[in-house]
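Heads up, the thing below is written out as structure tokens.
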Amino acid sequence: MLFNTVTQNRLVKLLLFILGIVVIAGLAIYFMFENINYFYTPSQIPASLEINRFFKLGGKVKQHSVNYDANGGVGFVLYDETSEIKVSYNGVLPNLFQENGYAVMTGRLVSKDLFLATQILAKHDENYYPRGVGRKP
Amino acid sequence: MLDKHLFKLGTIAFLTVLIGSIWGCYFTEDDFVQGVIFRLIYIHVPAAFLSLSFYSLLTMFSIGYLIWRNKLLDNLAYASAYVGFAFTLVALLTGCLWGKPTWGTYWVWDARLTFELILGIIYLSYIYYRQTNPFKQSIKFNAAVLAIVGFIDVPLIHFSVNWWFTLHQGESIKLIGGSSAIHQSYLYPILICIIGYGLFGLYLMLLKVYALILRECSETKWLRNYILNNKGVSF
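Right, here's the structure in full:
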């Protein structure tokens, strides 16, 4: 017989165990939920964050805001739905870094609205479409 | 007789992968944003998807073993762990290779990548624990419990791009409803590759179950007579 008393007992014990695991894991994830985020978006930067403290920032690069200066540095504006921040960086930009694209960077605030980046990574969204099709909205 | 059918399964799997990969690599255009390098998607996405599905198989077989204590369920669990671990490694490595030219780095500690690495570690610990003594009953029990506890990682990986801000991009292929963020000409080869690699993983898994059963019977007279009389097992 497939589900006699012995197997039923085992099933019940197993389900209780799984419930316990789910509860414990759920609580653990719930309490550290905010810390699993890889970066802050510009509107999420805490107002109490002191200058010169390293953190990661991510957002969209504002169009027509990328400026290259003579020393090999670059400045641009990073924005999300509600706020934006100026970023300055001296180093190699990744291939996919472009205006209207997304970027994630590590660095620190040198003043309330200037972020000095030490590493910039380009982020691409989940859309894949061939070159011939053209820009998908 | 089982060898013949397994061989057919392996051949079908290999041909499906070949068709999907050649279609994807030679008969589609380059991606608008990434260019040529996105073709790694035909290995990376099937491997990542299958690493999760083989872990689900592992969990199901472990639950079945804990309830019915059936040796076949346990062998199926052990075999699926091997295959799933291989897919996890492939997903991580192809992901690293894809990340360097696109993002600019081989690795970041964001949610999706870290949880997938943790899945690889869980797989590895399951296999390592089992192989200390492949025949002991208590080890089979404990390993099944380990597999079930580790299953909490699978929805974390799947939903990590929706729940948290990550460097890894969101879902391109929507499993349930909605339109996919990936163009049709890319979608079909990817699906064919997923099916092909899945069948291939199934083939490897069944081959491993075959080997595990034979190993359990290695002391029996019938197997020894068979080997002595037939000069080895045919394949």
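Heads up: the protein sequence lines correspond to chains F and V, in order.
Residue numbering for the first sequence follows numbering that gives the first Met the number 0, beginning at 0 and increasing consecutively.
Residue numbering for the second sequence follows numbering that gives the first Met the number 0, beginning at 0 and increasing consecutively.
Yeah, the Cβ is synthetic: ideal placement off N, Cα and C, and Gly gets one too.
Predicted model, so just to flag it, every value in this text is computed and none were measured.
By the Cβ criterion, the stretch 158-167 of chain V is not in contact with the stretch 109-116 of chain F, since fewer than three pairs of Cβ atoms, one from each stretch, lie closer than 8 Å. If you compare the alpha carbons of F/Met104, F/Leu56, F/Leu48, F/Ile20 with that of V/Gly149, the shortest gap goes to F/Ile20. Within the stretch 99-118 of chain V, those residues whose Cβ lies closer than 8 Å to any Cβ of chain F are, in chain order, Pro100, Thr101, Trp102, Gly103, Thr104, Val107, Trp108, Asp109, Ala110.
According to the DSSP assignment, F/Arg107 belongs to the beta strand (DSSP E) that extends over 101-110. Taking all protein chains in view, the Cβ of V/Arg38 is crowded by 16 or more other Cβ atoms within 10 Å, so the residue is classified as buried. The beta strand (DSSP E) runs of length 3 or more contained entirely in the stretch 15-72 of chain F are, from start to end of the chain, 53-60. F/Pro93 sits away from V/His182, with the two beta carbons spaced by 8 Å or more. Annotated three-state conformation of V/Gln136 is helix, per DSSP.
Beta-bridge analysis with DSSP links F/Ala116 to F/Tyr88, F/Gly106. Excluding its 5 nearest sequence neighbours in each direction, V/Ile11 has C-beta neighbours in its own chain below 8 Å: Leu198, listed in chain order. The DSSP-derived three-state label of F/Tyr78 is strand. Scanning chain F for C-beta atoms nearer than 9 Å to the C-beta of V/His182 yields Asn126, Tyr127, Tyr128, Pro129, Val132, Lys135, reported in chain order.
For F/Lys122, the secondary structure class from DSSP, reduced to helix, strand or coil, is strand. Taking 8 Å as the upper bound on Cβ-Cβ separation, chain F lies near residues Tyr185 of the stretch 185-196 of chain V. When secondary structure is reduced to three states using DSSP, V/Asp109 falls in the coil class, being assigned neither helix nor strand. Contact note: F/Tyr37 reaches chain V through Val107, Trp108, Asp109, Ala110, Trp163, Phe164, Thr165, Leu166, using a C-beta cutoff of 8 Å and chain order. Just so you know, the alpha carbons of F/Gly71 and V/Leu203 end up roughly 53 Å apart. Residues Ser50, Tyr54, Thr87, Asp152, Ile156 of the same chain have their beta carbon placed closer than 7 Å to that of V/Leu118, with the five preceding and five following residues left out of the count.
Using a Cβ-Cβ cut-off of 7 Å, V/Leu65 is close to Arg9, Leu13 of chain F, given in chain order. Using a Cβ-Cβ cut-off of 8 Å, F/Asn94 is close to Pro100, Thr101, Gly103 of chain V, given in chain order. Across the stretch 28-42 of chain V, CB contacts with chain F closer than 8 Å involve Glu28, Asp29, Asp30, Phe31, Val32, Gln33, Phe37, Ile40, in sequence order along the chain.
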